[in-house]
Structures are given as structure tokens and as C-alpha cells.
Amino acid sequence: MKIMVIGGGGREHAIIKKLKENKKAEVIYALPGNGGIAADAVCVNIGAKDIEGIVKFAVENSVDFAVVAPDDPLVLGAVDALEAKGIKCFGPSRDAAIIEGSKVFSKNLMEKYNIPTAKYKTFDNAGDALEFLGTVNMPAVIKADGLALGKGVIIAQTEKEAADAIQLIMNDKKFGDSGNRVVIEEFLTGPEVSVLSFTDGKTIVPMISSMDHKRALDGDTGLNTGGMGTVAPNPYYTETVARECMEKIFIPTVNAMNAEGRTFKGCLYFGLMLTEDGPKVIEYNCRFGDPETQVVLPLLKSDLLEIMLAVAQERLSEVNVEFENKAACCVVAASEGYPEKYETGFEIELPEDTDAEIFVAGAKLSEDGRLLSAGGRVLGVTATSETLGGAIEKAYSEIKKVNFCNMYYRRDIGAKALRALD
Ligand code: AMP
Ligand code: GLY
0 MKIMVIGGGG
10 REHAIIKKLK
20 ENKKAEVIYA
30 LPGNGGIAAD
40 AVCVNIGAKD
50 IEGIVKFAVE
60 NSVDFAVVAP
70 DDPLVLGAVD
80 ALEAKGIKCF
90 GPSRDAAIIE
100 GSKVFSKNLM
110 EKYNIPTAKY
120 KTFDNAGDAL
130 EFLGTVNMPA
140 VIKADGLALG
150 KGVIIAQTEK
160 EAADAIQLIM
170 NDKKFGDSGN
180 RVVIEEFLTG
190 PEVSVLSFTD
200 GKTIVPMISS
210 MDHKRALDGD
220 TGLNTGGMGT
230 VAPNPYYTET
240 VARECMEKIF
250 IPTVNAMNAE
260 GRTFKGCLYF
270 GLMLTEDGPK
280 VIEYNCRFGD
290 PETQVVLPLL
300 KSDLLEIMLA
310 VAQERLSEVN
320 VEFENKAACC
330 VVAASEGYPE
340 KYETGFEIEL
350 PEDTDAEIFV
360 AGAKLSEDGR
370 LLSAGGRVLG
380 VTATSETLGG
390 AIEKAYSEIK
400 KVNFCNMYYR
410 RDIGAKALRA
420 LD
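Just so we're aligned: 353 in numbering that gives the first Met the number 0 is position 354 of the sequence shown, and the numbers increase by one with no gaps anywhere.
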């Protein structure tokens, strides 16, 4: 079977390594992949947003199955375009990917179908949004409607900060057309949990829960990033919470999308906050999380390719989806200065021998075959163990075997989760 994975980060590396475990995967193409993924797949220099290029490549190379991993191509309709040429895909159609592509859509969906989320109002002009601020308690959360590289959410402590955020999003168009509309919502508090799930629109199977660490610096300080590390499972996500989420959030969301004629097939990601009033949805993503995938998939006991094919063929209920009763920790090694200014092009030394998995995110190969840093988040080191403490310890001892000139990583990934276990 010829498989194609769209994307080129640590998440895609984790997906590819897992797909390779199935012998049916005779070749895996990564579009565009990266210098580290090149060790596990055939990288093809076609960008993840180049839908026309992706479809052309798939047809010319008789690709049997495509996994579309990032948000952009999903929201742009990559799955629809590939399926129109008869290529089976794992990932939602454009109509279903809107659950991530538009926060106005997802908030209205939750309101219509009684799915717990923060109270909110949506606006399509800055004047009305600014006027509404006078009636809102601070802090408040201002969100650009569309995709914004994870940067479109601003938590405003004061009315002035909220007004500045609206100005930035709606008038200065900091995120382009993604800022044509905004959501203003109530600020919630509580532990955050990421739950990725497989769904074919009929059945939903949650994966093992995880915890992201979004801030750049230790102690959850510094700027928001794409994610500096993860642990799984998330200790706040108890069996009781899981049951409540299944009943009040997961199944109702799948049903709501069906009722809207937007059946979701693929990986549906629930960003949850466990508030005093119960679990609430902070955000939906239409895809695997990064770096959540780097801790979730190493714990998957079942065959990923079989599950993905079953989702595509709407027979998820027939396959086994089982996770190890273990824990995992992923520590991301970034270029110092990320998410702002940083230098790249430094040679990356990887260990010959390691007790961890190394998922490469931002790297390229030089002409003479050396691996060079090429992004903010360079790689993630994932360790698994019987206990969370063991996984954290192992991830930190293994990351010492990795080196590049301006390497930076947080020293406290998993610390909060460990405290919660006590
Ligand atoms: P998002 O890009 O939607 O994942 O939001 C980024 C982060 O902003 C989340 O992980 C939360 O930590 C925070 N956030 C978003 N919405 C809220 C809210 N209503 N209350 C408190 N924090 C929020
Ligand atoms: N780690 C958060 C995300 O993938 O959106």
C-alpha cells in the first residue's frame, strides 16, 4: 500500500513511525516532511497548503491512502480534492473541518446543541465589539474567528487590553481574514486536558488523555507557543470525568455535526477545561494535536493504519483501539528565542543509541547529509515508562544526548501533572 502523509512536523513524524509498524505500508511519502522525517519516509518537496500539487502527486504516484494531518490543508479542502480523484483519506472534509476553521461556527454549534462551553458573543464589526466590552467582566477572552497559527486567542486582563486586542484582530488585521469576526468569551479557570479521538461519524473512540505545556518558559510563564512538551495520561482526567465528557461533550458533538450535515471523520481533538461547573470545551481541533500526538501514539497498542483505514471506511466499531497502561512524556527542544526571534542552521547531534523516540519537527538536511535546525521547535524527545515519574525522568535523561548550538527546553514538563497525582 502506498501511503502519503501531508505535513512536516513532529506530529507527522510520530504518525509516520506508527504507520510504518504495519507491513502493508510499502512506501510512505511525506509532503513536505523534513530532514528528520527523511529517515522514515520519502520526503517530497510539496507544501502542505499546495492542494493542487498534493492531488497531482497522489494521482501520478498511485497513492492508495492519504493522511492529512495539519489544520490548513483540511480547512482548505484537501480531503475533498483527493477523494474526488478516488484517493481514500484519513481526515475530515472541508465542511467538517470548519469546527476548527471557524470559532464562530464552533461556538454557535455548542450553543445550539447544549454542549458545555464558556459564555460568549460573536461580532462582525469592531464598533459593536468595543461597545459590548463595557458590559463584560475582566479578564475576558478575545478570539479571532479563523486559523491564526495558535496565536489568535488573547486573554485580556483589563478593558483597555481587550479593546487593543479587538483593534489588532479586526482593524489592523493581524491574522488577515481570520479576524473578520471575533468571539468575546467568559474567562474560565481549571486544569486543561487534551483529548484526541478517532471518529467515523458513527462511533467515537477517545484516545489516552494528555496535557500540553503551551508557554515558552518554566512555571507556565513567557509567551504562548505551539507546545513545549506533553505528558499522557493527564492525571486530572479521571474515569468519572471521562464518562461525563463522553456523555455531555463527545457524543453530542459527533451527533451535532451529523445533524448539521457535516459528518466528521478523522481525529477530533477536544481542548477541555475542567471547571467547578464541570468539563467545558475551550476549543475543537479537526486534527491530531502537536505535541500531544508525540505522547499519545507511542502508547497506542493497536495498529494505527488499521484504525485509520477503518475510520475512512466508516467501520471504526469493528476495530480494536487499545492503549498501554503506561505513561509518556515528550520534551520539546526549541531554538533559543522561540516563539519570537531565533537562529537556525545549526547541526543537530542525535544519539546512536537511545531509550527514547526522537520526533523531528524543524530540521533540514544539508547537501552533504547533515541534519540542521530549521525552525523554532526543532524536535521532541518522548520516553515511556510504567509511571509518569519514570517517563519524565527518562525523557530528561535522554534529551541530554541531543545537542545543537542554541538548544533550549523547559525543565518542568510534567511537574504539574506529578503534583496532581500526589
Ligand atoms: P486556543 O488557541 O483556543 O487553544 O486557546 C489558547 C489557550 O487560551 C487555551 O489553551 C487556554 O489556556 C486559553 N483559553 C482559551 N479560552 C479560554 C477561556 N474561555 N478561559 C480561559 N482560558 C482560555
Ligand atoms: N498542542 C495544541 C494543538 O495542537 O493545537
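The C-beta atom is built at its ideal place from N, Cα and C for all residues, glycine as well.
Boundaries (first-last residue) of the beta strand (DSSP E) holding residue i
i	result
residue 89	87-89
residue 100	Not the beta strand (DSSP E): residue 100 falls in the alpha helix (DSSP H), residues 93-100.
residue 1	1-6
residue 203	203-205
residue 195	191-198
residue 249	Neither: residue 249 is in no beta strand (DSSP E) and is coded neither H nor E.
Residue i versus residue j - alpha carbon distance
i	j	result
residue 159	residue 129	10 Å
residue 408	residue 183	33 Å
residue 45	residue 287	21 Å
residue 56	residue 67	14 Å
residue 389	residue 43	38 Å
residue 324	residue 232	9 Å
residue 176	residue 410	37 Å
residue 217	residue 174	28 Å
residue 500	residue 23	Because the chain spans 0 through 421 in this model, residue 500 falls outside it and cannot be assessed.
residue 242	residue 227	29 Å
residue 334	residue 341	6 Å
residue 9	residue 209	16 Å
residue 246	residue 149	28 Å
residue 103	residue 140	14 Å
Opening and closing residue of the alpha helix (DSSP H) in which residue i lies
i	result
residue 395	387-398
residue 292	292-295
Neighbourhood of residue i by C-beta distance below 6 Å, restricted to the same chain and skipping five residues each side
i	result
residue 13	292, 293, 296, 358
residue 337	375
residue 350	400
As assigned by DSSP and simplified to three states, the class of residue i
i	result
residue 176	helix
residue 335	coil
residue 244	helix
residue 254	helix
residue 369	coil
residue 52	helix
residue 272	strand
residue 415	helix
residue 170	helix
Close Cβ partners of residue i (< 7 Å) along its chain, the five nearest in sequence each way excluded
i	result
residue 162	129, 132
Contacts around residue i, its chain only, beta-carbon distance under 8 Å, and the 5 residues preceding and following it disregarded
i	result
residue 75	48, 50, 93
residue 62	1, 2, 3, 28, 56, 86
residue 317	309
Beta-carbon proximity of residue i to residue j, cut-off 8 Å
i	j	result
residue 326	residue 230	yes
residue 269	residue 250	no
residue 189	residue 305	no
Any C-beta of chain B under 8 Å from that of residue i
i	result
residue 325	Absent here is chain B; the protein component of the structure consists of one chain.
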